[in-house]
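Asker: Got a structure for you, questions after.
Protein chains: 2
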Amino acid sequence: MLTMKTKYALKALALLASVEQSEPMLIAEIAEREGIPKKFLELILRELKQHGILDSRKGRGGGYLLRRRPEDINLASIMRILDGPLAPVPCLSQTAYRRCEGCEDERTCGIRLVLKDMHQSTLKILESTTLADVALKVREAAMGSKPVARYSI
Amino acid sequence: MLTMKTKYALKALALLASVEQSEPMLIAEIAEREGIPKKFLELILRELKQHGILDSRKGRGGGYLLRRRPEDINLASIMRILDGPLAPVPCLSQTAYRRCEGCEDERTCGIRLVLKDMHQSTLKILESTTLADVALKVREAAMGSKPVARYSI
DNA sequence: CCCTAGTCTATCGGCTAAGTAGACTACCGG
DNA sequence: CCGGTAGTCTACTTAGCCGATAGACTAGGG
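Quick note, the sequences are listed as chains A and B, same order. The numbering of the first sequence is our numbering, which starts it at 1 and goes up by one. The numbering of the second sequence is our numbering, which starts it at 1001 and goes up by one.
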């Protein structure tokens, strides 16, 4: 299961990716629009900033904004920042390899052999999907499920 | 990350799948051969029995054995028993669907749309891989990494 | 009847997830 | 240069789960 932290992060980033990128958005606004506890979101956004995903400005007219273009930020990197390694077992992690304690022979470990396939396929998806893809999918889905357009009176 | 519980379960089951299926194996033996705390393994095996994966016999000559053939037991079902739903978010779970709290429109949720692809690909692998596959992979890997055969003196 | 081996309930320490509190620092406008 | 705005940081708290252990109980075999 994804942690709340990562879920909130993805929601916030998807929001930032879907709006005008030139000007910052307030923590409070993100929190309200996505239904995230403001104080908790604060921590999350700061962490993302410290890892080079976001930028921030203080004072009036401040807030958070993406540091790079949405199409240059993939989901794997975000999840790794907040939830740590993606691998199901440490001996399969690319970013934080550790030998499983008590494992005698890594090459013939059944669990490892099977999970390797699984992990590789999820990695492939998470590393190739960007915030831009997410924003696009949302727009497409919204188009498909709504009656095309709404004309004001 | 996989929990220890599931890891131990997979190891134990892979072992049972790789030996003679007609006679039971002692908890103590499984524990020792796989390096699992015996008392903890007890809980795990019992849980697997209660869910129809294993059978057991008491008294002398007793122990645990697979209830079905290794090729009829897939990894997804095992993981679900011990770790609960496999889905990264409740709204994607097949076996324990729950609406994500605070999610206004499931159809246009960006997270859901992206994770759906990922989850589907892992499900496909876990549901189609059986204990027999694991045992086979282990044998193949052992063949490949060792000098073919060992002749006794 | 007794040894063997699984069954069950309870408990425990430690850790992490999720969220909260409150003080502090920096920027912008006037 | 002052005051409000808005992000920054440290330190809790609270609940729940993970991993493991203890000990009493039940049932089968010989």
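The beta carbon of each residue, even a glycine, is placed where N, CA and C say it ideally should be.
What first and last residue would you give for the beta strand (DSSP E) that runs through Asp1055 of chain B?
Answerer: Asp1055 of chain B -> beta strand (DSSP E) spans 1054 to 1057.
Asker: Can you tell me whether DSSP reads Leu75 of chain A as helix, strand or coil?
Answerer: In this structure, Leu75 of chain A counts as helix in the three-state DSSP scheme.
Asker: Going by other Cβ atoms of all chains shown within 10 Å of its Cβ, with 16 needed for buried, is Ala1009 of chain B buried or exposed?
Answerer: Classification of Ala1009 of chain B: buried, given that the 10 Å Cβ count is 16 or more.
Asker: Which residue from B:Ser1018, B:Ser1128, B:Arg1107, B:Ala1141 puts its Cα closest to that of Ala141 of chain A?
Answerer: Selected option, being the one with the closest Cα: B:Arg1107.
Asker: Helix, strand or coil: how does DSSP classify Tyr64 of chain A here?
Answerer: Strand, per DSSP.
Asker: Considering only C-alpha positions, which residue in the set B:Pro1070, B:Met1118, B:Lys1049, B:Cys1100 is nearest to Lys7 of chain A?
Answerer: That would be B:Cys1100, whose Cα lies nearest to the Cα of Lys7 of chain A.
Asker: Does DSSP put Met143 of chain A in a helix, in a strand, or in coil?
Answerer: Met143 of chain A falls in the helix class under three-state DSSP.
Asker: With 16 other CB atoms within 10 Å as the buried threshold, where does Pro1024 of chain B fall?
Answerer: Buried, because 16 or more other Cβ atoms sit within 10 Å of the Cβ of Pro1024 of chain B.
Asker: For the stretch 1094 to 1123 of chain B, enumerate the residues whose C-beta is nearer than 7 Å to any C-beta of chain A, in chain order.
Answerer: Answer set for the stretch 1094 to 1123 of chain B: Gly1102, Arg1107, Thr1108, Gly1110, Ile1111, Leu1113, Val1114, Asp1117, Met1118, Ser1121, Thr1122.
Asker: Who are the near neighbours of Arg57 of chain A in its chain, counting only those whose CB is closer than 6 Å to its CB and skipping five residues on each side?
Answerer: Excluding residues within five positions, the ones whose Cβ falls inside 6 Å are Pro24.
Asker: Report the rounded CA-to-CA distance for Leu1043 of chain B versus Val19 of chain A, giving the unit in angstroms.
Answerer: Near 51 Å, if we compare the C-alpha coordinates of Val19 of chain A and Leu1043 of chain B.
Asker: Taking just the CA atoms, how far does Cys109 of chain A sit from Lys116 of chain A?
Answerer: When rounded, the distance between both Cα atoms is 11 Å.
Asker: Between which two residues does the alpha helix (DSSP H) carrying Met1025 of chain B extend?
Answerer: That residue, Met1025 of chain B, is in no alpha helix (DSSP H); it is neither H nor E in DSSP.
Asker: Enumerate, from N- to C-terminal direction, the unbroken alpha helix (DSSP H) stretches of 4 or more residues contained entirely within the stretch 1106 to 1144 of chain B.
Answerer: The stretch 1106 to 1144 of chain B contains these whole alpha helix (DSSP H) runs: 1110 to 1128.
Asker: DSSP three-state call for Leu1045 of chain B: helix, strand or coil?
Answerer: DSSP places Leu1045 of chain B in helix when its eight states are reduced to three.
Asker: Counting only Cβ pairs nearer than 7 Å, list the residues of chain A close to Pro1037 of chain B.
Answerer: Per Cβ cutoff of 7 Å: no residues; Pro1037 of chain B is ~11 Å from chain A at best.
Asker: Ala1012 of chain B by DSSP, collapsed to three states: which one?
Answerer: Three-state DSSP puts Ala1012 of chain B in a helix.
Asker: In this structure, does DSSP put Glu34 of chain A in helix, strand or coil?
Answerer: Glu34 of chain A falls in the helix class under three-state DSSP.
Asker: Comparing alpha-carbon positions, which option in A:Asp83, A:Glu104, A:Met118 lies nearest Leu92 of chain A?
Answerer: Residue A:Met118 is the option with its Cα nearest to Leu92 of chain A.
Asker: For the candidate residues B:Asn1074, B:Ile1053, B:Lys1124, B:Asp1072, whose alpha-carbon lies nearest to that of Tyr1064 of chain B?
Answerer: Nearest option by C-alpha distance: B:Ile1053.
Asker: Taking 7 Å as the CB-CB cut-off, is Leu1136 of chain B touching chain A?
Answerer: No, because no Cβ of chain A sits closer than 7 Å to the Cβ of Leu1136 of chain B.
Asker: Going along chain B, which residues have a C-beta under 8 Å from Val89 of chain A?
Answerer: Met1001, Leu1002, Lys1007, listed in chain order.
Asker: What does Ile125 of chain A reach in chain B if we use C-beta pairs closer than 7 Å?
Answerer: Near Ile125 of chain A (Cβ distances below 7 Å), the residues of chain B are Asp1117, Met1118, Ser1121.
Asker: Looking at Pro90 of chain A and Arg80 of chain A, is the spacing between their C-beta atoms short of 7 Å?
Answerer: Cβ atoms of Arg80 of chain A and Pro90 of chain A: not closer than 7 Å.
Asker: Are the CB atoms of Leu1002 of chain B and Pro88 of chain A nearer to each other than 7 Å?
Answerer: Result yes, Cβ atoms of Leu1002 of chain B and Pro88 of chain A sit closer than 7 Å.
Asker: In whole angstroms, what separates the C-alpha of Ala129 of chain A from that of Ser1022 of chain B?
Answerer: Sequence check: residue 129 of chain A is Thr here, not Ala. For Thr129 of chain A and Ser1022 of chain B, the distance between alpha carbons rounds to 48 Å.
Asker: Taking just the CA atoms, how far does Gln120 of chain A sit from Val114 of chain A?
Answerer: Going from the Cα of Val114 of chain A to the Cα of Gln120 of chain A covers about 10 Å.
Asker: To which residues of the same chain is Leu1066 of chain B closer than 8 Å at the C-beta, ignoring the five residues directly before and after it?
Answerer: Correct list, in chain order: Leu1013, Leu1016, Ala1017, Gln1021, Ile1053, Leu1054, Asp1055, Ile1073, Leu1131.
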